[in-house]
Amino acid sequence: MSAVIVVCLRNLQENRHGTMLDQLVQQGHDVSLTHCLNQCVGCRRGPALSIDGAWIGAADEAALQNEVDARLLK
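Encoded structure:
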(Lines of atoms letter the chains of each structure in order from A and count residues from 1; the text may use other names and numbers.)
(Lines give C-alpha, C1' and ligand atoms only; values in the text may rest on other atoms or scores of the structure.)
Protein backbone atom coordinates (compact mmCIF):
# COMPACT_ATOMS: atom_id res chain seq x y z
CA MET A 1 0.00 0.00 0.00
CA SER A 2 1.40 3.39 -0.91
CA ALA A 3 1.67 6.23 1.58
CA VAL A 4 1.25 9.97 1.16
CA ILE A 5 4.54 11.59 2.15
CA VAL A 6 4.91 15.35 2.45
CA VAL A 7 8.20 17.15 3.03
CA CYS A 8 8.81 20.74 4.08
CA LEU A 9 10.91 22.46 1.41
CA ARG A 10 13.07 24.21 4.00
CA ASN A 11 13.76 20.92 5.82
CA LEU A 12 14.77 19.27 2.57
CA GLN A 13 17.10 22.15 1.70
CA GLU A 14 18.75 22.11 5.14
CA ASN A 15 19.05 18.34 5.59
CA ARG A 16 19.56 17.07 2.02
CA HIS A 17 17.62 13.81 2.35
CA GLY A 18 16.41 13.84 -1.25
CA THR A 19 17.99 10.49 -2.09
CA MET A 20 15.77 8.81 0.48
CA LEU A 21 12.74 10.59 -0.99
CA ASP A 22 13.69 9.43 -4.49
CA GLN A 23 13.75 5.85 -3.17
CA LEU A 24 10.29 6.29 -1.65
CA VAL A 25 8.96 7.50 -5.02
CA GLN A 26 10.53 4.45 -6.72
CA GLN A 27 8.71 2.25 -4.19
CA GLY A 28 5.42 3.78 -5.36
CA HIS A 29 4.73 6.28 -2.58
CA ASP A 30 3.22 9.70 -3.28
CA VAL A 31 5.95 12.18 -2.26
CA SER A 32 5.36 15.92 -2.48
CA LEU A 33 6.89 19.15 -1.20
CA THR A 34 5.14 21.87 0.74
CA HIS A 35 6.23 25.25 2.01
CA CYS A 36 5.79 24.32 5.69
CA LEU A 37 4.41 21.54 7.89
CA ASN A 38 4.18 23.83 10.96
CA GLN A 39 6.64 21.71 12.95
CA CYS A 40 9.42 24.32 12.98
CA VAL A 41 11.09 23.44 16.28
CA GLY A 42 11.46 19.77 15.36
CA CYS A 43 12.02 20.50 11.70
CA ARG A 44 15.11 22.55 12.47
CA ARG A 45 16.67 19.73 14.53
CA GLY A 46 17.07 17.30 11.66
CA PRO A 47 15.41 15.65 8.68
CA ALA A 48 11.64 15.37 8.91
CA LEU A 49 8.55 14.53 6.90
CA SER A 50 4.90 13.61 7.22
CA ILE A 51 3.54 10.14 6.41
CA ASP A 52 -0.23 9.93 5.99
CA GLY A 53 -0.60 13.03 8.16
CA ALA A 54 1.72 11.90 10.97
CA TRP A 55 4.82 14.06 11.39
CA ILE A 56 8.15 12.25 11.87
CA GLY A 57 11.42 13.94 12.77
CA ALA A 58 14.83 12.43 13.48
CA ALA A 59 18.37 13.39 14.42
CA ASP A 60 19.86 12.31 11.09
CA GLU A 61 18.94 10.66 7.79
CA ALA A 62 19.68 7.12 9.02
CA ALA A 63 17.37 7.57 12.01
CA LEU A 64 14.67 9.03 9.75
CA GLN A 65 15.04 6.09 7.37
CA ASN A 66 14.53 3.68 10.30
CA GLU A 67 11.38 5.55 11.39
CA VAL A 68 10.00 5.63 7.84
CA ASP A 69 10.68 1.91 7.34
CA ALA A 70 8.94 1.06 10.61
CA ARG A 71 5.86 3.11 9.66
CA LEU A 72 5.64 1.78 6.13
CA LEU A 73 5.99 -1.86 7.19
CA LYS A 74 3.04 -1.73 9.62
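In terms of this note's numbering, the sequence shown is residues 3 to 76. Don't be surprised by glycine CBs; every beta carbon is placed ideally from N, CA and C. Just so you know, these numbers come straight off a predicted model, no measurement behind them.
Please identify the residue among 46, 3 and 25 whose C-alpha is closest to the C-alpha of residue 61. 46
Which residue spans inside the region 34-68 form an unbroken alpha helix (DSSP H) run of at least 4? 42-45
Would you tell me roughly how many angstroms separate the C-alpha atoms of residue 42 and residue 50, rounded to the nearest one? 10 Å
Can you tell me where the alpha helix (DSSP H) holding residue 15 begins and where it ends? 11-17
Do residue 31 and residue 72 have their C-beta atoms closer together than 8 Å? no
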